[in-house]
Amino acid sequence: VAEAALAAGASIVNDVWGFRLEPRIAEVTARAGALAVLMHNRSKREHVSIDPALGGRYVGTDYDDLIADIAAELQVSIDLARQAGVPAERIIIDPGIGFGKTVAQNL
11 VAEAALAAGA SIVNDVWGFR LEPRIAEVTA RAGALAVLMH NRSKREHVSI DPALGGRYVG
71 TDYDDLIADI AAELQVSIDL ARQAGVPAER IIIDPGIGFG KTVAQNL
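In terms of my numbering, the sequence shown opens at residue 11 and continues consecutively.
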């Protein structure tokens, strides 16, 4: 999808898995010279709950130290991007509010 979007003129790849689920997206992003938005998301795709009023949401996960864990996992995403050739100045990080976190963790 990222490859097709870039071919159609997109200039940003926003990966809700931070290049961790499908590292090839990092290579596609680097080749295109696109901005990379790397979101933190510890959720598992198979753990989505459906609320009829709110729609689907990822079930919260456990963290030993919320901020330190998010920072460490985002660093893995940054490393994947850099290893694929995405320049540091083309990387934007997103803490993933609403993805794999409880309401309290989001706040």
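Even for Gly, the Cβ is constructed at its ideal location relative to N, Cα and C. For clarity, every value in this text was computed on a predicted model and none was experimentally measured.
Rounded to whole angstroms, the separation of the alpha carbons of residue 40 and residue 104 is 18 Å. Distances from the CA of residue 77 to each of 102, 88, 106, 100 were compared; the closest alpha carbon is that of 106. The beta carbon of residue 79 is closer than 7 Å to those of 73 in its chain, skipping five residues each way along the sequence.
Annotation: the continuous beta strand (DSSP E) that includes residue 24 extends over 22–25.
Here residue 90 is buried. Its C-beta has 16 or more other C-beta atoms within 10 Å.
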